[in-house]
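Student: Numbered according to our numbering, the sequence shown spans residues 1417 to 1756.
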Amino acid sequence: MTDRRVSIAFQTDQPLSAYGSLAATAERHGFDVVSVYNDLLYQPAWLPLLEIARATRRVALGPAAVNPFTCHPVNIAGHAALIDEASGGRAYLGLARGAWLDFLGIQPARPVRALREAFECVRHLLRHSREPYRGEVFRLAGGDSLRWTIARPELPFVLGTWGVATIRACIGEIGEVKVGGTANPDLVARYLREIDAAATGAGRKAGEVGLALGCVSVVDRDGRAARDLARRKAALYLGVIADLDPTLGVEPDRLARIRAAAAAYDFATAAREIPDALLARVALAGTPDDVAAQADALYAAGVHRVEFGTPHGLDETEGLRLLGEAVLPALRRRWDVARG
């Protein structure tokens, strides 16, 4: 995983007809990967990914990420295989525990074990193995397999997590770890150490499993307006990230106010509690030069892939244009990403 890449991620809140055009534009600008969120209560990622597969020719694409608690591995394997076929072998599969499961009354008892088994189970199915799969969480009785020809039985697997225990459990199955909701370069060395230690402990090579970081991204010529929008978007998850990132250093009183406002869906009030220095650790936001400098710092710290998440700009189309025409060229010159 020495190659660096750059990706863009879309939330599934668009008309179905919009995804192909957005992804084709991203591909023209040189993005290496197009990801689609699979967040609860938004559209499932699979049909948007099918539109993207049909509208593009080069980019890798996949869901970031699916959880195995609302979608069984047999369904995940089937969907992923179809997206890979439609894209001519460009799909990846991202799995994560997932957020907001309490809305459904789901509280996974063994989420770390379940994630590892989900990766194993999907691979078992894609390989057309007829052997039983005897997991503790997921089981396949054996004697049968997926009943159509799988174009590519080995897909790249990405694990979405902040958890070191989850990385250690899943390291044998994955090619990349994605830490979402952060733009903090101070985290990178810690995660690279943990990933490499887990990989070598599992008999793999150091550097074989890559690290991706992604978060809310807003770019505009009006840097203040871009940061103000990013503050409101980041307020939704900053209270969670503060428990996961020990380097943030948010004052307890400030954090309590952010959490209380976000819990009341008062994101304008929460946003006023997020200063620029804190925002820069949880979002990629500002002018094109500002955002390019933030991404540059992540690559310099050792990140293999930077993912620009929604909403991209004050306006999606303009944000995508500025990322492609003003941010990516700076990263391309230094890090050889987004060559197209």
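Heads up, the beta-carbon is just placed ideally off N, CA and C, and yes, glycines get one too.
Leaving out the 5 sequence neighbours to the left and right, which residues in its chain are closer than 8 Å to Asp-1712 when beta-carbon positions are compared?
Tutor: As a first step, residue 1712 must be located in the sequence shown, where it is residue number 296. So the list reads Ala-1746, Leu-1747, Arg-1750 and Trp-1751, once near-sequence residues are dropped.
Student: Tell me which residue opens and which closes the alpha helix (DSSP H) that Lys-1649 is part of.
Tutor: Locating residue 1649 in the sequence shown gives position 233, where the first residue counts as 1. Taken as a continuous stretch (DSSP letters only), the alpha helix (DSSP H) holding Lys-1649 covers 1639-1660.
Student: To the nearest angstrom, how far is it from the Cα of Arg-1474 to the Cα of Arg-1670?
Tutor: In the sequence shown, counting from the first residue as 1, residue 1474 sits at position 58. In the sequence shown, counting from the first residue as 1, residue 1670 sits at position 254. The alpha-carbon atoms of Arg-1474 and Arg-1670 are separated by roughly 45 Å.
Student: Put Pro-1489 into one of helix, strand or coil per three-state DSSP.
Tutor: For the purposes of this step, residue 1489 is identified with residue 73 of the sequence shown, where counting begins at 1. Of the three classes helix, strand and coil, the one that applies to Pro-1489 here is helix, per DSSP.
Student: Got a sec: is the Cβ-Cβ distance from Ala-1442 to anything in chain D below 9 Å?
Tutor: The question asks about chain D, but that chain is absent: this structure has only one protein chain.
Student: Considering only C-alpha positions, which residue in the set Tyr-1653, Gly-1446, His-1445 and Glu-1667 is nearest to Gly-1597?
Tutor: Here residue 1597 refers to the residue found at position 181 of the sequence shown. Here the closest residue by C-alpha is Tyr-1653.
Student: Over what stretch of residues does the alpha helix (DSSP H) that includes Ile-1468 continue unbroken?
Tutor: Here residue 1468 is taken as the residue at index 52 of the sequence shown, counted from 1. 1462-1471 is the extent of the alpha helix (DSSP H) around Ile-1468.
Student: By the DSSP assignment, the alpha helix (DSSP H) with Arg-1513 in it spans what residues?
Tutor: The residue you call residue 1513 lines up with position 97 of the sequence shown. Unbroken run through Arg-1513: none, as it is neither H nor E.
Student: Would the stretch 1418-1435 and the stretch 1709-1724 be scored as touching if the rule is three or more Cβ pairs under 8 Å?
Tutor: Because the criterion of three Cβ pairs below 8 Å is met, the stretch 1418-1435 and the stretch 1709-1724 touch.
Student: Using CA coordinates, which residue listed in Ala-1618, Ala-1440, Asp-1638 and Val-1490 is at the minimum distance from Asp-1731?
Tutor: Position 315 of the sequence shown, counted from the first residue, corresponds to residue 1731. Checked all of Ala-1618, Ala-1440, Asp-1638 and Val-1490; the closest Cα to Asp-1731 is Asp-1638.
Student: Around the C-beta of Ser-1433, are 16 or more other C-beta atoms found within 10 angstroms, so that it is buried, or is it exposed?
Tutor: The sequence position of residue 1433 within the sequence shown is 17, counting from 1. Its Cβ having fewer than 16 others within 10 Å, Ser-1433 is exposed.
Student: What's the C-alpha gap between Cys-1813 and Ala-1525?
Tutor: In this structure the chain extends from 1417 to 1756, so residue 1813 is not present and cannot be described.
Student: For a quick check, are the C-beta atoms of Val-1698 and Ser-1633 less than 9 Å apart?
Tutor: For this step, residue 1698 is matched to residue 282 along the sequence shown. For this step, residue 1633 is matched to residue 217 along the sequence shown. Not a contact, by the Cβ cut-off of 9 Å.
Student: Around the C-beta of Gln-1523, are 16 or more other C-beta atoms found within 10 angstroms, so that it is buried, or is it exposed?
Tutor: Position 107 of the sequence shown holds residue 1523. Looking at its Cβ environment, which holds fewer than 16 other Cβ atoms inside 10 Å, Gln-1523 is exposed.
Student: Whole angstroms are fine: how far does the CA of Tyr-1453 sit from the CA of Asp-1500?
Tutor: Numbered from its first residue, the sequence shown carries residue 1500 at position 84. Numbered from its first residue, the sequence shown carries residue 1453 at position 37. Their Cα atoms are separated by approximately 17 Å.
Student: Below 9 Å between beta carbons: does that hold for Ala-1497 and Arg-1568?
Tutor: As a first step, residue 1497 must be located in the sequence shown, where it is residue number 81. As a first step, residue 1568 must be located in the sequence shown, where it is residue number 152. Cβ atoms of Ala-1497 and Arg-1568: closer than 9 Å.
Student: To the nearest angstrom, report how far apart Leu-1477 and Arg-1506 are at their CA atoms.
Tutor: By 1-based counting over the sequence shown, the position of residue 1477 is 61. By 1-based counting over the sequence shown, the position of residue 1506 is 90. Approximately 6 Å, taken between the alpha carbons.
Student: Looking at Ser-1503 and Thr-1472, is the spacing between their C-beta atoms short of 9 Å?
Tutor: For the purposes of this step, residue 1472 is taken as residue 56 along the sequence shown, with counting starting at 1. For the purposes of this step, residue 1503 is taken as residue 87 along the sequence shown, with counting starting at 1. Yes, they are a contact pair.
Student: Cutting at 6 Å between CB atoms, please list the residues of its own chain near Ala-1658, excluding the five before and the five after it.
Tutor: Here the question's residue 1658 lines up with position 242 in the sequence shown. The residues are Leu-1664, Val-1666 and Leu-1671.
Student: Taking C-alpha atoms, which residue in Ala-1534, Ile-1674 and Leu-1541 lies nearest to Phe-1554?
Tutor: On the sequence shown, position 138 is the one that residue 1554 refers to. For the residues Ala-1534, Ile-1674 and Leu-1541, the minimum Cα distance to Phe-1554 belongs to Ala-1534.
Student: Could you tell me the distance, in whole angstroms, from the CA atom of Thr-1616 to the CA atom of Ala-1622?
Tutor: Locating residue 1616 in the sequence shown gives position 200, where the first residue counts as 1. Locating residue 1622 in the sequence shown gives position 206, where the first residue counts as 1. When rounded, the distance between both Cα atoms is 6 Å.
Student: Is Asp-1692 buried or exposed, if buried means 16 or more other CB atoms sit within 10 Å of its CB?
Tutor: Position 276 of the sequence shown, counted from the start, is the residue given in the question as residue 1692. Flag for Asp-1692 reads exposed.
Student: Just verifying my parser: in three-state terms, what is the DSSP assignment at Ser-1561?
Tutor: Your numbering for residue 1561 matches position 145 in the sequence shown. Coil at Ser-1561, not helix or strand.
Student: Comparing alpha-carbon positions, which option in Arg-1675, Thr-1726, Gly-1740 and Gly-1725 lies nearest Asp-1705?
Tutor: As a first step, residue 1705 is located in the sequence shown; it is residue number 289 there, counting from the start. Asp-1705 has its Cα closest to that of Gly-1740, out of Arg-1675, Thr-1726, Gly-1740 and Gly-1725.
Student: Need the endpoints of the beta strand (DSSP E) that Arg-1546 sits in, please.
Tutor: Working through the sequence shown from its first residue, we reach residue 1546 at position 130. Per DSSP, Arg-1546 belongs to no beta strand (DSSP E) and is neither H nor E.
Student: By the 10 Å Cβ neighbour count, where 16 or more other Cβ atoms means buried, how is Pro-1527 classified, buried or exposed?
Tutor: Here residue 1527 refers to the residue found at position 111 when the sequence shown is read from its first residue. Answer is buried; the Cβ neighbour count reaches 16.
Student: By alpha-carbon positions, which one of Thr-1565, Leu-1456, Val-1743 and Ala-1605 ends up nearest to Asn-1483?
Tutor: On the sequence shown, position 67 is the one that residue 1483 refers to. Cα-wise, what sits closest to Asn-1483 is Leu-1456.
Student: Could you give the first and the last residue of the continuous alpha helix (DSSP H) run that contains Phe-1683?
Tutor: For the purposes of this step, residue 1683 is taken as residue 267 along the sequence shown, with counting starting at 1. Here the alpha helix (DSSP H) through Phe-1683 covers 1683-1688.
Student: Would you give the residue range spanned by the beta strand (DSSP E) that Ala-1628 belongs to?
Tutor: Counting from one through the sequence shown, the residue named residue 1628 turns up at place 212. Segment 1626-1635, the beta strand (DSSP E) holding Ala-1628.
Student: Kindly indicate the opening and closing residues of the beta strand (DSSP E) around Val-1450.
Tutor: The count along the sequence shown starts at 1 and reaches residue 1450 at position 34. Taken as a continuous stretch (DSSP letters only), the beta strand (DSSP E) holding Val-1450 covers 1449-1452.
Student: Given this structure, state the Cα-to-Cα distance separating Leu-1744 from Leu-1738, to the nearest angstrom.
Tutor: In the sequence shown, the residue the question calls residue 1744 occupies position 328. In the sequence shown, the residue the question calls residue 1738 occupies position 322. About 9 Å.
Student: Using a 10 Å radius around the Cβ and a threshold of 16 neighbouring Cβ atoms, would you call Tyr-1681 buried or exposed?
Tutor: Position 265 of the sequence shown holds residue 1681. Burial call: exposed.
Student: Is it true that the CB of Leu-1511 sits closer than 9 Å to the CB of Leu-1531?
Tutor: Your numbering for residue 1531 matches position 115 in the sequence shown. Your numbering for residue 1511 matches position 95 in the sequence shown. In this structure, Leu-1511 lies closer than 9 Å to Leu-1531 by Cβ.
Student: Going residue by residue through the stretch 1563-1604, where are the continuous alpha helix (DSSP H) segments of at least 4 residues, counting only ones entirely within it?
Tutor: Segments of the alpha helix (DSSP H) lying fully in the stretch 1563-1604: 1580-1586.
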